[in-house]
Amino acid sequence: MGDSRLLSLPEELVASIAELVPVDSILNLALSCSATFRHVEQRLEQNQRLHAEFKIQHDRLPLTSATLLRRAISDPDAIWHLRAFESWGIRPGFEKWKSWSYTWEDLYNKADGTIECYEDHSTLDAKFYQPVELVDYRMIMMDKLHMSPEETYKWTERIRDGWDEPIKGMLFALAPRLDRLNFLKYDDESIEFGEEDPLIFLCTAVRSVYDSLTIGAVWPPGFTSLRMVSICSYTEWRHNQDAFYASPSSVACLFLLPNIKVLNLSHVGQGRDEDSDYVLLPGSSSVEALGFCFVGMTLQARIMFIQACRRLLSFKSVDSDMSNWNERSELWRALSKQHGPWLESLSLEDIGGLLPEISTSFPKLKQLDCLRAADWDRDYKTFIWTNPPPLPKIQATLEAESEEHDETTAPLDLRTALPFTIERLAISSDPGSMVTTVVSKKAMRALAELAEDERFQSLKEICLYSVGHGAMGCDPVQPYDDSFARLRARNIDIHRDCDYKEHDKIHNDGDPLFFTNETEPTDCPPDE
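Start counting the sequence shown at 22; every next residue gets the next number (my numbering).
Here you go:
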């Protein structure tokens with residue numbers, strides 16, 4: 022009892038507890054807790070060290086993946102702490118076992134070496150793996166991943182040749198608490214990587230396990246715990262156009278993971294022939310947030326992915342427009358039919374004539390992003406970029422706007438188009454990079470009227486950052502003063518008092534489809 026804190030409790034509290042619980046029981050509990058803590062203290066400290074060491078891993082250094090898999094087999098307690106893995110590329114052969122180059126040449130040239138040291142292990146060969154290790158890997162592929170003998174042989178030979186893709190795939194399957202996978206974009210035309218799809222082994226393994234469930238197979242622990250996957254994520258350390266293009270057939274297998282919740286798909290299908298030998302049954306996937314970015318998939322593939330989700334709460338499509346209006350309408354119908362009753366967040370470019378259907382198609386919608394001015398403001402204006410920005414011209418145009426009501430120029434009434442559950446509305450600019458979009462004064466007043474409507478009590482944000490603001494650094498506020506005042510009087514955040522970093526953070530916080538690269542090099546690349 023010498024080190025017990027029981028005696029430090031107020032006497033009144035002890036007396037009150039003693040009326041319900043015998044004092045002897047309280048004393049025994051205190052002694053038991055103290056003794057238990059002494060027994061587990063060393064293990065708790067060990068877990069803290071392992072968690073700090075293994076929580077987030079990446080493969081920029083050539084030996085990391087092989088070292089982690091060896092640790093997973095020899096010391097499962099250590100790999101239990103692996104929560105996230107970020108893959109920066111693929112090494113198809115020992116000759117590729119060296120640190121990758123980046124867009125910015127000074128990554129490895131820091132005098133203090135604080136970013137990353139360059140490593141070259143391209144002289145390694147098949148002797149790197151002991152025969153007993155190859156046996157272990159074959160058994161994992163056969164017993165845990167239920168791969169066919171042909172697939173097992175193929176991937177074993179590739180491991181012998183120095184491919185790191187199957188090494189990472191087995192690591193993902195064995196890590197029992199793995200929550201997030203992030204595949205960052207890289208130049209698949211570069212000799213550093215080759216044209217190989219980095220998802221082939223992983224998706225083959227997922228499909229093999231899934232197909233074997235009917236004969237008693239069970240999901241390996243890592244596939245069971247996996248919740249979030251992002252394909253071809255953006256990084257500032259590589260050029261935005263340097264991206265591998267996963268095939269829709271390989272990505273489709275990710276929908277089969279038993280507890281997957283978030284799939285962020287970028288550059289899927291671009292430049293690749295569509296495969297027709299894959300099928301996802303409607304309602305077969307647990308995905309709740311689905312994102313398309315720069316995808317080049319067919320309409321049929323997109324609809325299949327949407328319909329595969331049992332209960333989609335968030336859907337985003339960016340720079341992935343359909344080829345014509347009929348295809349956009351068909352995608353909309355598939356989304357509303359399958360997920361209309363519960364969809365909460367929607368970001369879909371070029372809504373156009375579908376805007377009046379939002380309240381009936383998605384009655385529980387809370388967030389509507391990427392609503393272009395052209396979709397609802399019939400009298401919006403665009404101005405070509407100049408230096409300095411044409412602020413006087415913009416203000417003069419707005420001041421000259423007629424105050425008379427005109428059905429041909431009046432904006433669409435958002436009070437009838439939007440459901441009462443809406444919490445955030447984001448007005449986006451024209452997609453042209455050399456223009457700035459300015460909504461009419463009528464449209465701005467319509468937004469104020471929307472905020473003042475007592476039926477829209479949930480509305481908290483109307484993002485106006487991109488409308489006449491971010492594209493050119495100009496801020497034609499004066500013609501909007503009255504509308505802005507009315508919006509602020511209703512405590513509506515209009516995102517006008519922030520810089521672009523703060524603005525991005527506002528939209529990214531809480532967005533399940535926003536993936537932060539947690540292993541991004543610590544220094545920022547130089548401005549171009």
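The beta carbon of each residue, even a glycine, is placed where N, CA and C say it ideally should be. From a predicted model like this one, the values you see are computed outputs, not experimental measurements.
| query | result |
| --- | --- |
| Pick from Pro384, Leu50, Leu71, Tyr207 that is closest to Phe265, judged by C-alpha positions | Tyr207 |
| Span of the beta strand (DSSP E) around Gln388 | 388-393 |
| Other residues of its chain near Glu309: CB distance less than 8 Å, five sequence neighbours each side excluded | Lys282, Val283, Cys330, Arg332, Leu333, Leu334, Ser335, Pro533 |
| Cβ-Cβ distance between Gln388 and Glu370 below 8 Å | no |
| Test item: CB-CB of Asn326 and Ile252 under 8 Å | In the sequence as displayed, the identity of residue 326 is Phe instead of Asn. For Phe326 and Ile252, no; Cβs fall outside 8 Å. |
| Terminal residues of the alpha helix (DSSP H) in which Glu154 lies | 152-160 |
| Where Pro31 sits in the DSSP three-state scheme | coil |
| Beta-carbon proximity list for Ser246, same chain, < 8 Å, skipping 5 on both sides | Ala196, Pro197, Arg198, Leu199, Asp200, Asn280 |
| Nearest-angstrom Cα separation, counted from Trp109 out to Arg445 | 34 Å |
| With 16 other Cβ atoms within 10 Å as the buried cut-off, status of Lys76 | exposed |
| Continuous beta strand (DSSP E) assignments of at least 3 residues falling wholly in the region 229-293 | 249-254, 283-287 |
| Residues that Ser487 bridges to, as DSSP identifies them | Ser487 pairs with nothing; no bridge assigned. |
| Counted within 10 angstroms of its Cβ, other Cβ atoms place Glu186 as buried (16 or more) or exposed | buried |
| Residue interval of the alpha helix (DSSP H) (run including Gln328) | 320-329 |
| 8 Å contact criterion, which Phe222 and Phe106 should meet: CB distance rounded | Not confirmed; about 14 Å, so no contact. |
| 6 Å Cβ shell around Pro31 - same chain, five flanking residues per side excluded | none |
| Inter-residue CB distance, Ile483 and Ala472 (contact presumed, cutoff 8 Å) | 7 Å |
| Residues that Asn49 bridges to, as DSSP identifies them | DSSP output for Asn49 lists no bridge partner at all. |
| Among Ala273, Thr319, Leu320, Asn285, the one whose alpha carbon lies nearest that of Ser305 | Ala273 |
| Rounded straight-line distance, which links the Cα of Leu435 to that of Pro8 | Residue 8 is absent from the model: the chain starts at 22 and stops at 549. |
| Spatial distance of Ser350 from Leu375 (CA atoms) | 8 Å |
| Identity of the residue in Ile372, Asp98, Ala464 nearest Arg70 by Cα | Asp98 |
| CB-CB length for Leu89 against Gln78, believed under 8 Å | 6 Å |
| DSSP bridge partner residues for Ala310 (one or two, in chain order) | Val283, Ser335 |
| Residue environment, Asp209, which counts as buried when at least 16 other CB atoms sit within 10 Å | buried |
| Whole-Å CB distance - Gly317 paired with Gln359, under 8 Å assumed | Contact doesn't hold; Cβ gap of about 22 Å is too wide. |
| Through-space distance from Phe244 to Val227, alpha-carbon basis | 8 Å |
| Cβ-heavy atom distance, Asp80 to the ligand NAD, below 7 Å | Only the bare structure without any ligand can be found here, which leaves the ligand NAD out of the picture. |
| Secondary structure of Ile188, DSSP reduced to three states | helix |
| Residue range of the alpha helix (DSSP H) that includes Ala105 | Looking at the DSSP string, Ala105 is not in any alpha helix (DSSP H); the run it does join, the beta strand (DSSP E), is 105-108. |
| Classification of Met162 by the beta-carbon crowding that lies within 10 angstroms, buried from 16 upward | buried |
| Residues of its chain near Thr173, where Cβ-Cβ distance is below 8 Å and the 5 sequence neighbours each way are ignored | Arg159, Met162, Met163 |
| Cβ-Cβ distance between Pro440 and Ser380 below 8 Å | yes |
| Nearest-angstrom Cα separation, counted from Trp121 out to His516 | 39 Å |
| Straight-line gap, Met168 to His102 (C-alpha atoms, nearest Å) | 27 Å |
| Selection from Lys148, Gln328, Val300, Asp342 that minimises the alpha carbon distance to Phe313 | Asp342 |
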